[in-house]
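Chemist: Residue numbers (our numbering): 30 to 365.
From the three backbone atoms N, C-alpha and C, an ideal C-beta is built for every residue, glycine too.
Input: one structure, supplied below.
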Ligand code: KG4
Ligand code: ZN
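Here is the structure:
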């Protein structure tokens, strides 16, 4: 018997909701995406060069009802929430004002329609998004663990080990900036616009990735942690003389390509180290930075060269923030 789950994600600058069918088979959890709606605030934050939290909360307030309406549309109006079985919502981490809009909406729906509400960690949503490679998909219950997940977003760079469904251990993380944050800050330094990741990727297209030698910070340290702030500063000092602030001549496309290559090298290096230590059966690359074509391509080819583990990367629209992963995590939690 299949059930329906409505999920909400509002932790940063996307107001997202989705409706999914799910069921539990003998060997797999089975899913079908009925709707997947994302309202982006990119235009709003562009002129600030980053997410402006107060504006983000207000934009979520405006978007949440229309987004929920669109997500429910395939089965009717908000009244038809009575036909769904449960609600899932992102609880943390994220911008508190933004999170509260989604949590408030989910709790209201849960109370009013008498439905259970599960509160999901944002990173858990990113991890499970990787399984949604088409509108209809299955997730094995066993034989895929341990899973090694590299979550690379604007707020996180984490290596997470899953021993079973919804059982997580963080085995490495950034000690300063997140990878996405580094993309955003470097894009600001190079005046490439916001959000930085896609802009750097575009700019890097025809660049020479070996033109600039940038620091592979912590690439060779024994632990599984990351650091990106030294890399960002190295880029800064190639564009501006540190002492005088004098602007320097540099090649934008080459610097963007060299930066993208260096981040990719650091991420792949630590993932390989984690694979050697934990011998995972599955490897996931997810989070906003996993929308980067260069990273996706190099991660898949380099990792598949050293292990037979299956590699899962979400489709690009599910790399960045979305409610699909939140729905999957909520659905799996309902069986536990
Ligand atoms: O997961 P996400 O949508 O939100 C957070 O949880 O933070 O990730 C957003 C981050 C931003 O830093 C953005 O610049 C980065 O993901 N990003 C990219 C690309 N698309 C988004 N970074 C590199 N290349 C991209 N194509
Ligand atoms: Zn995210």
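For residue 288, verify whether its CB is less than 7 Å away from any heavy atom of the ligand KG4.
Modeler: No, the beta carbon of residue 288 sits no closer than 7 Å to any heavy atom of the ligand KG4.
Chemist: Report all residues for which the CB-ligand distance to some heavy atom of the ligand ZN is below 5 Å; order them along the chain.
Modeler: This selection yields 182 and 350.
Chemist: Quick one: which unbroken beta strand (DSSP E) runs of 3-plus residues sit fully inside the region 121-167? Chain order, please.
Modeler: Whole beta strand (DSSP E) segments, 3+ residues: 146-150.
Chemist: Can the beta-carbon of residue 188 be found closer than 8 Å to that of residue 253?
Modeler: Taking 8 Å as the Cβ cut-off, residue 188 and residue 253 qualify as a contacting pair.
Chemist: Can you tell me which of 59, 65 and 56 puts its alpha carbon nearest to the alpha carbon of residue 350?
Modeler: Among 59, 65 and 56, the Cα nearest to that of residue 350 is on 65.
Chemist: Is it true that the region 117-124 meets the region 54-61, where meeting means three or more beta-carbon pairs spaced less than 8 Å apart?
Modeler: No contact exists between the region 117-124 and the region 54-61.
Chemist: How far does the alpha helix (DSSP H) with residue 218 in it extend, from its first residue to its last?
Modeler: Start and end: 208-218.
Chemist: Does the region 32-44 come close enough to the region 84-92 that 3 or more CB-CB pairs lie under 8 Å?
Modeler: In short, these stretches touch, since the Cβ pair count reaches three.
Chemist: Grab me the residues of residue 67's own chain with a C-beta within less than 7 Å of its C-beta, minus the 5 sequence neighbours each way, in chain order.
Modeler: Once the five neighbours on either side are set aside, the close Cβ partners of residue 67 are 43, 45 and 351.
Chemist: So what's residue 228 in DSSP terms, helix, strand or just coil?
Modeler: Reduced to three states, the DSSP call for residue 228 is helix.
Chemist: With DSSP as the reference, please indicate the residues paired to residue 32 in a beta bridge.
Modeler: DSSP, once it has assigned bridges, lists 51 as partnering residue 32.
Chemist: Contact defined as beta carbons within less than 8 Å: I believe residue 327 pairs with residue 293. What is the distance between those atoms, to the nearest angstrom?
Modeler: Indeed, because the Cβ distance is near 5 Å, the residues count as touching under 8 Å.
Chemist: Return yes when the Cβ of residue 75 is within less than 8 Å of the Cβ of residue 223, no when it is not.
Modeler: Closer than 8 Å, so yes.
Chemist: Note down, in chain order, each residue of its chain lying with its Cβ closer than 7 Å to the Cβ of residue 150, except the 5 sequence neighbours on either side.
Modeler: Cβ within range, chain order: 120 and 121.
Chemist: Exposed or buried, which one is residue 160 when buried takes at least 16 other CB atoms within 10 Å?
Modeler: Residue 160 comes out buried.
Chemist: Please determine, among 260, 213 and 166, the residue with the shortest C-alpha to C-alpha distance to residue 341.
Modeler: Looking at the Cα atoms, 166 is the closest of the given residues.
Chemist: Which class does residue 112 belong to by DSSP, given the choice of helix, strand or coil?
Modeler: Looking at residue 112 - three-state DSSP - the assignment turns out to be helix.
Chemist: Could you name the residues of the same chain whose beta carbon sits closer than 8 Å to that of residue 382, not counting the 5 residues immediately before and after it, in chain order?
Modeler: Any question about residue 382 goes unanswered here, given that the chain covers just 30 to 365.
Chemist: My parser needs the beta strand (DSSP E) runs of 3 or more residues fully inside the region 37-106; what are they?
Modeler: DSSP runs (the beta strand (DSSP E)) wholly in the region 37-106: 43-53 and 57-69.
Chemist: What is the residue span of the alpha helix (DSSP H) that residue 186 lies within?
Modeler: Segment 186-193 is the beta strand (DSSP E) holding residue 186; no alpha helix (DSSP H) there.
Chemist: According to DSSP, is residue 4 part of a helix, a strand, or is it coil?
Modeler: An answer regarding residue 4 cannot be provided, because it is not within the stretch 30 to 365 covered by the chain.
Chemist: Can you tell which of 128, 148, 127 and 129 has the C-alpha that lies nearest to the C-alpha of residue 35?
Modeler: Cα-wise, what sits closest to residue 35 is 148.
Chemist: From the DSSP output, in three-state form, read off residue 240 for me.
Modeler: Residue 240 falls in the coil class under three-state DSSP.
Chemist: Hey, is residue 213 close to the ligand KG4, as in C-beta under 7 Å from one of its heavy atoms?
Modeler: Yes, the beta carbon of residue 213 sits closer than 7 Å to at least one heavy atom of the ligand KG4.
Chemist: I want to check one thing, is the minimum distance from the CB of residue 318 to the heavy atoms of the ligand KG4 below 7 Å?
Modeler: Yes, the Cβ of residue 318 comes within 7 Å of a heavy atom of the ligand KG4.
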